[in-house]
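Numbering (the working numbering), first residue to last: 1475 to 1658.
Dropping the structure here:
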(Lines of atoms letter the chains of each structure in order from A and count residues from 1; the text may use other names and numbers.)
(Lines give C-alpha, C1' and ligand atoms only; values in the text may rest on other atoms or scores of the structure.)
Protein backbone atom coordinates (compact mmCIF):
# COMPACT_ATOMS: atom_id res chain seq x y z
CA UNK A 1 0.00 0.00 0.00
CA UNK A 2 1.12 3.56 -0.64
CA UNK A 3 -0.10 6.90 0.60
CA UNK A 4 -2.53 8.91 -1.49
CA UNK A 5 -1.05 12.04 -3.06
CA UNK A 6 -1.88 14.80 -0.58
CA UNK A 7 -2.83 17.37 -3.24
CA UNK A 8 -5.87 15.26 -4.10
CA UNK A 9 -7.27 15.59 -0.61
CA UNK A 10 -9.19 18.64 0.51
CA UNK A 11 -7.47 20.92 2.98
CA UNK A 12 -7.92 19.69 6.53
CA UNK A 13 -9.03 16.23 5.37
CA UNK A 14 -7.22 14.58 8.26
CA UNK A 15 -5.45 11.25 8.05
CA UNK A 16 -3.93 10.08 4.78
CA UNK A 17 -5.45 6.82 3.61
CA UNK A 18 -3.78 4.09 1.57
CA UNK A 19 -4.71 2.60 -1.77
CA UNK A 20 -3.77 -0.83 -3.10
CA UNK A 21 -0.55 -0.88 -5.12
CA UNK A 22 -1.14 0.28 -8.69
CA UNK A 23 -4.45 1.97 -7.94
CA UNK A 24 -4.70 5.72 -8.51
CA UNK A 25 -7.08 7.92 -6.52
CA UNK A 26 -10.05 9.37 -8.37
CA UNK A 27 -9.45 13.15 -8.52
CA UNK A 28 -13.21 13.69 -8.71
CA UNK A 29 -13.83 12.26 -5.24
CA UNK A 30 -13.84 15.75 -3.81
CA UNK A 31 -16.21 17.92 -1.84
CA UNK A 32 -18.47 20.44 -3.54
CA UNK A 33 -16.81 23.65 -4.77
CA UNK A 34 -16.58 26.40 -2.18
CA UNK A 35 -18.50 28.91 -4.32
CA UNK A 36 -21.54 28.38 -6.50
CA UNK A 37 -24.02 30.44 -8.51
CA UNK A 38 -26.44 32.55 -6.49
CA UNK A 39 -29.43 34.67 -7.52
CA UNK A 40 -27.74 37.49 -5.56
CA UNK A 41 -24.87 37.74 -8.08
CA UNK A 42 -25.18 40.14 -11.01
CA UNK A 43 -23.31 39.45 -14.27
CA UNK A 44 -20.10 41.15 -13.13
CA UNK A 45 -20.21 39.46 -9.71
CA UNK A 46 -20.72 36.02 -11.27
CA UNK A 47 -17.73 36.54 -13.58
CA UNK A 48 -15.52 37.85 -10.76
CA UNK A 49 -16.42 34.83 -8.63
CA UNK A 50 -15.34 32.49 -11.43
CA UNK A 51 -12.09 34.32 -12.19
CA UNK A 52 -11.09 34.52 -8.52
CA UNK A 53 -11.39 30.72 -8.33
CA UNK A 54 -8.93 30.39 -11.23
CA UNK A 55 -6.17 32.46 -9.59
CA UNK A 56 -5.21 29.41 -7.53
CA UNK A 57 -7.13 26.69 -9.39
CA UNK A 58 -6.00 23.78 -7.19
CA UNK A 59 -7.02 25.23 -3.82
CA UNK A 60 -8.63 23.97 -1.67
CA UNK A 61 -8.38 20.78 -3.80
CA UNK A 62 -7.18 19.71 -7.26
CA UNK A 63 -9.16 21.35 -10.09
CA UNK A 64 -11.34 23.34 -7.68
CA UNK A 65 -11.21 26.43 -9.93
CA UNK A 66 -12.33 24.47 -12.98
CA UNK A 67 -15.06 22.84 -10.89
CA UNK A 68 -16.32 26.33 -10.01
CA UNK A 69 -16.34 27.18 -13.73
CA UNK A 70 -18.36 23.98 -14.35
CA UNK A 71 -20.88 24.95 -11.67
CA UNK A 72 -21.35 28.32 -13.41
CA UNK A 73 -21.62 26.72 -16.90
CA UNK A 74 -25.24 26.90 -18.06
CA UNK A 75 -24.89 23.68 -20.07
CA UNK A 76 -23.18 21.64 -17.34
CA UNK A 77 -24.81 18.35 -16.47
CA UNK A 78 -27.35 18.53 -19.30
CA UNK A 79 -27.77 15.92 -22.01
CA UNK A 80 -28.21 18.67 -24.62
CA UNK A 81 -25.08 19.87 -26.35
CA UNK A 82 -23.57 23.14 -25.16
CA UNK A 83 -21.79 25.92 -27.04
CA UNK A 84 -19.89 27.07 -23.95
CA UNK A 85 -16.55 26.76 -25.76
CA UNK A 86 -17.91 28.26 -28.99
CA UNK A 87 -18.77 24.98 -30.69
CA UNK A 88 -21.13 22.10 -29.99
CA UNK A 89 -19.92 19.82 -27.17
CA UNK A 90 -21.62 17.61 -24.60
CA UNK A 91 -20.85 18.73 -21.05
CA UNK A 92 -23.06 16.36 -19.10
CA UNK A 93 -20.07 15.05 -17.14
CA UNK A 94 -17.36 17.07 -15.41
CA UNK A 95 -14.62 15.04 -17.17
CA UNK A 96 -15.80 16.34 -20.56
CA UNK A 97 -15.67 19.93 -19.32
CA UNK A 98 -12.33 19.45 -17.54
CA UNK A 99 -10.58 18.17 -20.67
CA UNK A 100 -11.98 20.91 -22.88
CA UNK A 101 -11.20 23.65 -20.37
CA UNK A 102 -7.62 22.60 -19.62
CA UNK A 103 -6.68 21.90 -23.23
CA UNK A 104 -8.49 24.76 -24.95
CA UNK A 105 -7.75 28.46 -25.28
CA UNK A 106 -9.55 29.21 -22.03
CA UNK A 107 -7.10 26.98 -20.15
CA UNK A 108 -4.71 29.95 -20.11
CA UNK A 109 -6.97 31.42 -17.43
CA UNK A 110 -5.83 28.80 -14.91
CA UNK A 111 -3.38 30.52 -12.58
CA UNK A 112 -4.10 34.03 -13.88
CA UNK A 113 -2.61 36.78 -11.72
CA UNK A 114 -5.12 39.55 -12.35
CA UNK A 115 -7.94 40.66 -14.60
CA UNK A 116 -9.92 43.74 -15.54
CA UNK A 117 -13.61 43.81 -16.32
CA UNK A 118 -13.59 45.91 -19.50
CA UNK A 119 -17.31 46.06 -20.25
CA UNK A 120 -20.62 44.70 -19.06
CA UNK A 121 -23.11 45.10 -21.90
CA UNK A 122 -26.61 43.92 -22.63
CA UNK A 123 -26.60 40.79 -24.77
CA UNK A 124 -26.94 41.65 -28.44
CA UNK A 125 -25.16 45.00 -28.13
CA UNK A 126 -23.32 46.17 -31.23
CA UNK A 127 -19.87 44.62 -31.70
CA UNK A 128 -20.53 41.63 -29.45
CA UNK A 129 -20.98 38.00 -30.47
CA UNK A 130 -24.51 36.89 -31.32
CA UNK A 131 -25.89 35.68 -28.00
CA UNK A 132 -27.79 32.45 -27.45
CA UNK A 133 -31.51 32.73 -26.62
CA UNK A 134 -32.09 33.92 -23.06
CA UNK A 135 -28.79 35.80 -22.83
CA UNK A 136 -28.80 38.83 -20.56
CA UNK A 137 -25.29 40.24 -20.64
CA UNK A 138 -21.84 39.90 -22.13
CA UNK A 139 -18.95 40.60 -19.78
CA UNK A 140 -15.61 41.34 -21.44
CA UNK A 141 -12.53 40.52 -19.38
CA UNK A 142 -8.82 41.06 -19.95
CA UNK A 143 -6.67 38.57 -18.03
CA UNK A 144 -2.98 38.90 -17.17
CA UNK A 145 -0.20 36.56 -16.05
CA UNK A 146 2.20 37.07 -13.12
CA UNK A 147 4.56 39.19 -15.19
CA UNK A 148 1.61 41.43 -16.20
CA UNK A 149 1.73 39.95 -19.71
CA UNK A 150 -1.75 39.74 -21.26
CA UNK A 151 -3.29 36.27 -21.38
CA UNK A 152 -6.05 37.51 -23.65
CA UNK A 153 -9.54 38.93 -23.68
CA UNK A 154 -12.63 36.82 -23.12
CA UNK A 155 -16.38 37.25 -23.43
CA UNK A 156 -18.53 35.63 -20.76
CA UNK A 157 -22.02 35.36 -22.27
CA UNK A 158 -24.31 35.31 -19.25
CA UNK A 159 -27.77 33.70 -19.27
CA UNK A 160 -30.36 33.45 -16.51
CA UNK A 161 -31.15 29.84 -15.58
CA UNK A 162 -34.87 29.14 -15.72
CA UNK A 163 -34.99 25.81 -13.87
CA UNK A 164 -33.14 23.42 -11.56
CA UNK A 165 -31.00 24.03 -8.50
CA UNK A 166 -29.63 27.27 -9.97
CA UNK A 167 -32.99 28.69 -11.04
CA UNK A 168 -32.81 32.50 -11.39
CA UNK A 169 -28.98 32.50 -11.26
CA UNK A 170 -26.81 34.07 -13.94
CA UNK A 171 -24.75 31.34 -15.59
CA UNK A 172 -22.10 31.38 -18.31
CA UNK A 173 -23.75 30.25 -21.53
CA UNK A 174 -20.40 30.68 -23.29
CA UNK A 175 -16.81 31.63 -22.52
CA UNK A 176 -15.24 32.84 -25.76
CA UNK A 177 -11.72 34.12 -26.42
CA UNK A 178 -11.70 37.45 -28.26
CA UNK A 179 -9.52 36.92 -31.32
CA UNK A 180 -8.24 40.44 -32.02
CA UNK A 181 -5.84 40.71 -29.04
CA UNK A 182 -5.72 43.02 -26.06
CA UNK A 183 -7.04 46.56 -26.36
CA UNK A 184 -4.78 49.45 -25.52
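For every residue, glycine included, the Cβ atom is placed at its ideal position computed from N, Cα and C.
(1) Mind checking residue 1577: buried by the 16 CB within 10 Å criterion, or exposed?
(2) Just to check my reading of the structure: residue 1559 and residue 1541 have Cβ atoms closer than 8 angstroms, yes? What is that Cβ distance to the nearest angstrom?
(3) On the three-pair Cβ rule with 8 angstroms, is the stretch 1616 to 1624 touching the stretch 1579 to 1599?
(4) Could you name the residues of the same chain whose beta carbon sits closer than 8 angstroms to that of residue 1586, not counting the 5 residues immediately before and after it, in chain order?
(5) Taking DSSP as the reference, what is the three-state secondary structure of residue 1640?
(6) For residue 1539, does the count of other Cβ atoms within 10 angstroms reach 16, so buried, or fall short, so exposed?
(7) From what residue to what residue does the alpha helix (DSSP H) around residue 1526 run?
(8) Looking at residue 1545 and residue 1510, is the spacing between their C-beta atoms short of 7 angstroms?
(9) What residues in its chain sit with their C-beta under 8 angstroms from that of residue 1572, if we drop five residues either side in the sequence?
(10) CA-CA distance, residue 1643 and residue 1622?
(11) Would you kindly report the start and end of the unbroken beta strand (DSSP E) that includes residue 1590?
(12) Only counting runs of 4 or more residues, tell me where the alpha helix (DSSP H) segments fall wholly within the stretch 1531 to 1557, in order along the chain.
(13) For residue 1518, which residues in the same chain have their Cβ closer than 7 angstroms to its Cβ, ignoring the five residues on either side in sequence?
(14) Nearest-angstrom Cα distance between residue 1611 and residue 1504?
(15) By how many angstroms is the C-alpha of residue 1563 removed from the C-alpha of residue 1552?
(16) For residue 1652, which three-state DSSP category applies?
(17) Kindly indicate which three-state DSSP category residue 1629 falls into: helix, strand or coil?
(18) Should residue 1652 and residue 1627 be called a contact, given that it needs their Cβ atoms to be closer than 7 angstroms?
Reading it off the structure:
(1) Taking the first residue of the chain shown as position 1, residue 1577 is located at position 103. Its Cβ having fewer than 16 others within 10 Å, residue 1577 is exposed.
(2) Taking the first residue of the chain shown as 1, we reach residue 1559 at position 85. Taking the first residue of the chain shown as 1, we reach residue 1541 at position 67. With 8 angstroms as the limit, residue 1559 and residue 1541 do not qualify as a contact, their Cβ atoms being about 17 angstroms apart.
(3) yes
(4) Translated into the one-based positions of the chain shown, residue 1586 becomes position 112. Counting only Cβ-Cβ distances below 8 angstroms, and skipping sequence neighbours, we find 1525, 1528, 1529, 1617, 1618, 1619 and 1625.
(5) For the purposes of this step, residue 1640 is taken as the residue at position 166 of the chain shown. Three-state DSSP puts residue 1640 in coil, outside helix and strand.
(6) As a working note, residue 1539 is residue 65 in the chain shown. By the 10 Å Cβ count, residue 1539 comes out buried.
(7) Counting from 1 along the chain shown, the entry for residue 1526 is found at position 52. Taken as a continuous stretch (DSSP letters only), the alpha helix (DSSP H) holding residue 1526 covers 1517 to 1529.
(8) Walking along the chain shown from the start, residue 1510 turns up at place 36. Walking along the chain shown from the start, residue 1545 turns up at place 71. A contact, by the Cβ cut-off of 7 angstroms.
(9) Looking up residue 1572 in the chain shown gives position 98. 1537, 1540 and 1544, listed in sequence order.
(10) Within the chain shown, residue 1643 is the residue found at index 169, counting from 1. Within the chain shown, residue 1622 is the residue found at index 148, counting from 1. CA-CA distance, residue 1643 to residue 1622, rounds to 32 angstroms.
(11) As a position in the chain shown, residue 1590 is number 116, starting the count at 1. Segment 1588 to 1596, the beta strand (DSSP E) holding residue 1590.
(12) 1538 to 1545
(13) By 1-based counting over the chain shown, the position of residue 1518 is 44. Answer for residue 1518: 1591, 1594 and 1613, listed in chain order.
(14) The sequence position of residue 1611 within the chain shown is 137, counting from 1. The sequence position of residue 1504 within the chain shown is 30, counting from 1. Roughly 32 angstroms between the two C-alpha positions.
(15) As a first step, residue 1552 must be located in the chain shown, where it is residue number 78. As a first step, residue 1563 must be located in the chain shown, where it is residue number 89. Taking the CA atoms as reference points, residue 1552 sits about 11 angstroms from residue 1563.
(16) On the chain shown, residue 1652 is found 178 positions in, with the first residue counted as 1. In this structure, residue 1652 counts as strand in the three-state DSSP scheme.
(17) Counting from one through the chain shown, the residue named residue 1629 turns up at place 155. In this structure, residue 1629 counts as strand in the three-state DSSP scheme.
(18) Looking up residue 1652 in the chain shown gives position 178. Looking up residue 1627 in the chain shown gives position 153. Cβ atoms of residue 1652 and residue 1627: closer than 7 angstroms.
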